[in-house]
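If you're matching positions, the sequence shown starts at 1243 in our numbering and goes up one per residue.
Note that beta-carbon positions come from the ideal geometry of N, C-alpha and C, so glycine has one too.
See structure below.
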Amino acid sequence: METPRHIGIILDGNRRFAKAKGLPAFEGHRLGFENLKKTAEYIFDKGVDILTVYAFSTENWNREKKEVAYLMDLFRILVNKEINKLSKRGIKVNFFGRLEDFEHDLQKSIKKAREKTKNGQRGILNICLSYGGRDELVRAFKKIVAQKITVDKIDQELISQNLDSAGLPDPDMIIRTSGEERLSGFLTWQSTYSELYFPEKTWPEFMEADLDKAILEYNKRQRRFGGN
């Protein structure tokens, strides 16, 4: 069975899971965070080289202030504490998105996390924070304009080189939990030929067996990339 080299996951359904269980929304986010730690380890054990997760979109800033503040605290735990475990396991951590949107202490911690894990060889974990696919493209185009590159030099490869994911292969498969069948701005440019998979389970419920099922489904697909 072929294992996708690069898997993207939209971590959806934390609040819905909490509501269904009669729990506060914050608890859903906490459980989702715990599941990310466990599932990421399993994914790399399966032989996946790159995992990209959609953790916080540019639109998520519009949520209630208390919820946003709680999510920021979870991100601080990730970049200040969990990063040590990821470093020891050989995982290189990248961050996609408008990182300048975050408070100074979190920006500083994100930079340190990148530096601490930069030599990881076991796998790459990309975390999308304050990220949106259209916003990423706008930022890429601004970089190209700033380089004063002439119109005749602009091609798909140049655009890819100026994205947050520069130098990485596009995702082979994208999973969105909780049954929603849309990408909501996740890797808009990179997902052109990704296999899409939409399980009904919310993210806190998505277990190792569910990932195995997703990879099995991936192997049933015929990837022609526009060919016959």
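So E1422 packs on D1254, CB below 8 Å; how close in whole Å? 6 Å
When G1339, I1401 and S1351 are compared against G1409, the one with the closest alpha-carbon: I1401
Check L1458 in the structure and name its three-state DSSP category. The three-state reading of DSSP puts L1458 in helix, counting H, G and I together.
With burial defined as no fewer than 16 other Cβ atoms inside 10 Å of the residue's Cβ, what is the status of D1412: buried or exposed? buried
Taking buried to mean at least 16 other C-beta atoms within 10 Å of its own C-beta, is T1444 buried or exposed? buried
Go through its chain and collect everything with a Cβ distance to S1426's Cβ below 6 Å, but skip five positions before and after it. none
DSSP three-state label for G1360, please. Inspection of the sequence shows that residue 1360 is occupied by Lys rather than by Gly. K1360 falls in the coil class under three-state DSSP.
Give the DSSP bridge partners of E1283, in chain order. According to DSSP, which records beta bridges pairwise, E1283 is partnered with nothing at all.
Going by the beta-carbon positions, is the gap between A1456 and Y1439 smaller than 8 Å? yes
Am I right that G1250 and T1294 are in contact with their C-beta atoms under 8 Å? What's the rounded C-beta distance? 4 Å
Using the beta-carbon count (16 or more within 10 Å), is D1394 buried or exposed? exposed
Output the boundary residues of the alpha helix (DSSP H) element that contains K1330. Element bounds for K1330: I1325 to K1330.
Look at the Cβ atom of L1371, then the Cβ atom of L1405, and state whether they are nearer than 8 Å. no
Three-state secondary structure (DSSP) of T1392: coil
C-alpha distance - I1416 paired with I1386, whole-angstrom precision: One Cα belongs to I1416, the other to I1386, and the distance between them is close to 28 Å.
As assigned by DSSP and simplified to three states, the class of M1243: Three-state result, M1243: coil.
Please report the straight-line C-alpha distance between A1388 and A1267, rounded to a whole angstrom. 42 Å
Measure the C-alpha to C-alpha separation of E1244 and H1346 and round it to an integer number of angstroms. 42 Å
Taking Q1403 as the reference, which of Q1432, T1419 and F1317 has the closest Cα? Q1432
Looking at the unbroken beta strand (DSSP E) that takes in Y1296, where does it start and where does it end? Counting along the chain, the beta strand (DSSP E) containing Y1296 begins and ends at I1292 to S1299.
Between Q1464, L1458, T1419 and R1424, which lies nearest to P1446 when the distance is taken from Cα to Cα? Of Q1464, L1458, T1419 and R1424, the residue nearest in Cα terms is T1419.
contact_flag[the region 1305–1313, the region 1348–1361] where n(CB pairs < 8 Å) is 3 or more: Judged by Cβ distances under 8 Å, the region 1305–1313 makes no contact with the region 1348–1361, as fewer than three pairs qualify.
What runs of the beta strand (DSSP E), each 3 residues or longer, lie entirely inside the region 1363–1436? 1365–1373 and 1415–1418
Using only the alpha-carbon positions, how far apart do L1429 and E1357 sit? Linking L1429 to E1357 through their CA atoms gives a straight-line distance of about 24 Å.
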